[in-house]
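Asks: For reference, the structure I am asking about is given below.
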Amino acid sequence: MKGPLFYSKILLFGEYGIIKDSKGLSIPYNFYNGALKLDENLSDDSKRSNDNLRRFADYLKSLEENNPELVQFDLEALQKDIDNGMYFDSSIPQGYGVGSSGALVAAIYDKYANDKITVLENLTRDKLLKLKKIFGEMESFFHGKSSGLDPLNSYLSIPILINSKENIEPAGIPSQTENGTGAVFLLDSGTTGETGPMVSIFMENMKQEPFRKMLKEQFVKHTDACVEDFLKGDVKSLFSNVKKLSHTVLDNFKPMIPAQFHKLWQKGIETNDYYLKLCGSGGGGYILGFTEDIEKARKALKGYNLEVVYNF
Numbered sequence: 377m378k379g380p381l382f383y384s385k386i387l388l389f390g391e392y393g394i395i396k397d398s399k400g401l402s403i404p405y406n407f408y409n410g411a412l413k414l415d416e417n418l419s420d421d422s423k424r425s426n427d428n429l430r431r432f433a434d435y436l437k438s439l440e441e442n443n444p445e446l447v448q449f450d451l452e453a454l455q456k457d458i459d460n461g462m463y464f465d466s467s468i469p470q471g472y473g474v475g476s477s478g479a480l481v482a483a484i485y486d487k488y489a490n491d492k493i494t495v496l497e498n499l500t501r502d503k504l505l506k507l508k509k510i511f512g513e514m515e516s517f518f519h520g521k522s523s524g525l526d527p528l529n530s531y532l533s534i535p536i537l538i539n540s541k542e543n544i545e546p547a548g549i550p551s552q553t554e555n556g557t558g559a560v561f562l563l564d565s566g567t568t569g570e571t572g573p574m575v576s577i578f579m580e581n582m583k584q585e586p587f588r589k590m591l592k593e594q595f596v597k598h599t600d601a602c603v604e605d606f607l608k609g610d611v612k613s614l615f616s617n618v619k620k621l622s623h624t625v626l627d628n629f630k631p632m633i634p635a636q637f638h639k640l641w642q643k644g645i646e647t648n649d650y651y652l653k654l655c656g657s658g659g660g661g662y663i664l665g666f667t668e669d670i671e672k673a674r675k676a677l678k679g680y681n682l683e684v685v686y687n688f
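Using our numbering, read the sequence shown as starting at 377 and increasing by one per residue.
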């Protein structure tokens, strides 16, 4: 058995902001992917994944019992496959902000959900919101409260525009320029990040009035502007707004930026060679970069591993 592939995702804009109803834009990233596989002779990694699936199956059973209206699974088939050595074979790095648990959730829903909403049907807003809710409940098993966006992106494999918590839609993003010099890239921080603790810091900060004011008047404002610029293909305005966003993050989200990157972050803002922002919840994993000149950015970030994910 080899299930279909489910891709990783990149939340280009909206990390933390979408908790407070900023816009967001999430795109599939097919460089990394995962699929369900069966094997009787499991390696150590596969065995860990199999154990994890066993715990996940128990969680899905209680989810189904507590919320039968939301989703039902063929738990018997799932249990049987787990007993036969099923695991999730994935190249998606964990703790890197590119949706490793999201792809697993999408794969399990795809194979074992009864009456599932499929990619082929007319995806109305209600269907998208229902899927997002199901995925949010499923993914909560992995790191506390989940918005359900990562699995949704992985399952549908299309860019998703988040207008607000209750308003999401498939998005058409400008097609890439083959030999464009501008780029969105991933910068490997060399460490993994845990989503839970980072979100806790954010929620703690939200109790302070100045932080809430900054979030609304700067962070959400710049994020929304970036999403609109990106969708319109207004590159000049986009870079101006990404710079403001990068500055706001450096000033107000320091705990989420690995310490060794504070200077590099500042350097980008000062030289305009590149601008950095959080990829997912931060704390490690990937950092997202934007540059109008990828060669300039490579020189400025010499010694770091850059992966281009989108060309302007």
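The beta carbon of each residue, even a glycine, is placed where N, CA and C say it ideally should be.
Taking the beta strand (DSSP E) that K653 belongs to, which residues open and close that run?
Replies: 651-654 is the extent of the beta strand (DSSP E) around K653.
Asks: Can you tell me whether DSSP reads N409 as helix, strand or coil?
Replies: Three-state DSSP puts N409 in a strand.
Asks: Between which two residues does the alpha helix (DSSP H) containing V603 stretch?
Replies: Per DSSP, V603 belongs to the alpha helix (DSSP H) from 597-608.
Asks: So E683 is in the beta strand (DSSP E); what residue range does that whole segment cover?
Replies: Here the beta strand (DSSP E) through E683 covers 682-687.
Asks: Hey, quick one: how far does the beta strand (DSSP E) through D397 stretch, first residue to last?
Replies: Element bounds for D397: n/a, residue is neither H nor E.
Asks: Can you give me the C-alpha to C-alpha distance between L626 and G659, rounded to a whole angstrom?
Replies: Rounded to the nearest angstrom, the two C-alpha atoms are 13 Å apart.
Asks: For S616, which option in M632, K597, E585 has the closest C-alpha, if you only look at C-alpha atoms?
Replies: It is K597 whose Cα lies nearest to the Cα of S616.
Asks: Following the continuous beta strand (DSSP E) through T667, name the residue where it begins and the one where it ends.
Replies: It spans 662-667 - the beta strand (DSSP E) in which T667 sits, taken as one unbroken run.
Asks: If the criterion is Cβ atoms closer than 8 Å, does the pair G471 and E570 meet it?
Replies: A contact, by the Cβ cut-off of 8 Å.
Asks: Which word fits D457, buried or exposed, when buried means at least 16 other C-beta atoms lie within 10 angstroms of its C-beta?
Replies: D457 is buried by the Cβ-count criterion.
Asks: Report the partner residues of S414 according to the DSSP bridge assignment.
Replies: The identity of residue 414 in the sequence shown is Leu, whereas the question assumes Ser. Paired residue(s): M462.
Asks: For N628, does the three-state DSSP call read helix, strand or coil?
Replies: Helix at N628.
Asks: Just checking, does the region 509-518 make contact with the region 473-493 on the three C-beta pairs under 8 Å criterion?
Replies: Contact holds: three or more Cβ-Cβ distances are below 8 Å.
Asks: If you reduce the DSSP assignment to three classes, tell me which class N539 lands in.
Replies: It is a strand residue.
Asks: Report the option in K675, V618, K678, L677 whose CA atom is closest to the CA atom of K653.
Replies: Here the closest residue by C-alpha is V618.
Asks: What whole-angstrom Cβ distance do L387 and S402 have, given they're in contact under 8 Å?
Replies: That pair is a contact at about 5 Å.
Asks: Locate the beta strand (DSSP E) running through A559, then write down its first and last residues.
Replies: 559-564 is the span of the beta strand (DSSP E), which, as asked, contains A559.
Asks: Tell me which same chain residues have a C-beta within less than 7 Å of the C-beta of T567, skipping the five on either side of it?
Replies: Result list for T567: P634, G660, in chain order.
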